[in-house]
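Worksheet: one structure, shown below.
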Amino acid sequence: MDPTTAIRTDTLPAVATLVIPGAVASGTYIYFGLLSLPETTTFLAQRDVLSTVLLVLLWIAAGFVVDSVGSYVEVHLIDAKRKDHEKLVKTWWEYLRTVWTNEPVGQRYLRRLLVSFKFELNMFTATFFAALGLLLLRFGYHITARAFYGLLVSSIVAMGVFWFFARDSADVLANVRKELTKGVIKK
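Structure, rendered in structure tokens:
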């Protein structure tokens, strides 16, 4: 059996855009819960399969929340701030109404770029939620002030990097959609 064919290719984008950001967003809260509820920690430590299933389900659920919040960030903080916002929305609807007789190569590029964008946007959002969770850990006296500030600064830097990447990817996505709709014959 070839291990590279064991995972379907459409699984990887879901892992990248939902599970990983969900794990990041929920990590501080899960850690807080385990530290605050030692009897639950003991119960879960004795049940490996149950613990794993619950953890993955939490990551997926958190990933959907992060993705939903990320969509609002995209619409209200990235797209709405563009100087050409009205043109962007017009192009977006034109793109959505397009039926391709022959799919352009740029369409595949757009799909791959969209996965990167969703990862960047969701990681920005997830890191924000994780940073808020640090407050619980600090004020619950579960981490030292030094650890709190170190993790907080790291989170802020990560948020800045992911914000920069997501904003630039949004621009590239908009430009590719605009170029793809240029040559479309309208009926």
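According to this note's numbering, the stretch in the sequence shown is residues 15 to 201, in order. For every residue, glycine included, the Cβ atom is placed at its ideal position computed from N, Cα and C.
From which residue to which residue does the alpha helix (DSSP H) around W107 run? Counted from its first residue, the sequence shown places residue 107 at position 93. Element bounds for W107: H99 to R111.
Pull up the CB-CB distance for L187 and L124, whole angstroms please, since I reckon it's below 8 Å. Locating residue 187 in the sequence shown gives position 173, where the first residue counts as 1. Locating residue 124 in the sequence shown gives position 110, where the first residue counts as 1. Rounded, the Cβ-Cβ distance is 7 Å, consistent with contact.
Can you tell me where the alpha helix (DSSP H) holding Y155 begins and where it ends? Counting from one through the sequence shown, the residue named residue 155 turns up at place 141. Taken as a continuous stretch (DSSP letters only), Y155 belongs to no alpha helix (DSSP H), as it is neither H nor E.
Does the beta carbon of H156 come closer than 7 Å to any beta carbon on chain D? Structure shown: chain D not included; a single protein chain is present.
In terms of alpha-carbon separation, which member of L128, S40 and W107 lies closest to S85? As a first step, residue 85 must be located in the sequence shown, where it is residue number 71. Of L128, S40 and W107, the residue nearest in Cα terms is L128.
Under the three-state DSSP convention, the category K95 falls into: By one-based count along the sequence shown, residue 95 stands at place 81. Note: K95 maps to coil in three-state DSSP.
Leaving aside the five residues before and after A140 along the sequence, list all residues of the same chain whose C-beta is less than 6 Å from its C-beta, in chain order. Here residue 140 refers to the residue found at position 126 of the sequence shown. Once the five neighbours on either side are set aside, the close Cβ partners of A140 are P35, V38, A39 and V80.
State the Cα-Cα distance for the pair S82 and S168, rounded to the nearest angstrom. Walking along the sequence shown from the start, residue 82 turns up at place 68. Walking along the sequence shown from the start, residue 168 turns up at place 154. Going from the Cα of S82 to the Cα of S168 covers about 24 Å.
Take T195 as the anchor and find which of G164, K104, V67 and L51 has the nearest alpha-carbon. Locating residue 195 in the sequence shown gives position 181, counting from the first residue. Ranking G164, K104, V67 and L51 by Cα distance to T195 puts K104 first.
Which stretch, first to last residue, makes up the alpha helix (DSSP H) that contains T56? Start at 1 with the first residue of the sequence shown, and residue 56 comes out as number 42. Element bounds for T56: P52 to A59.
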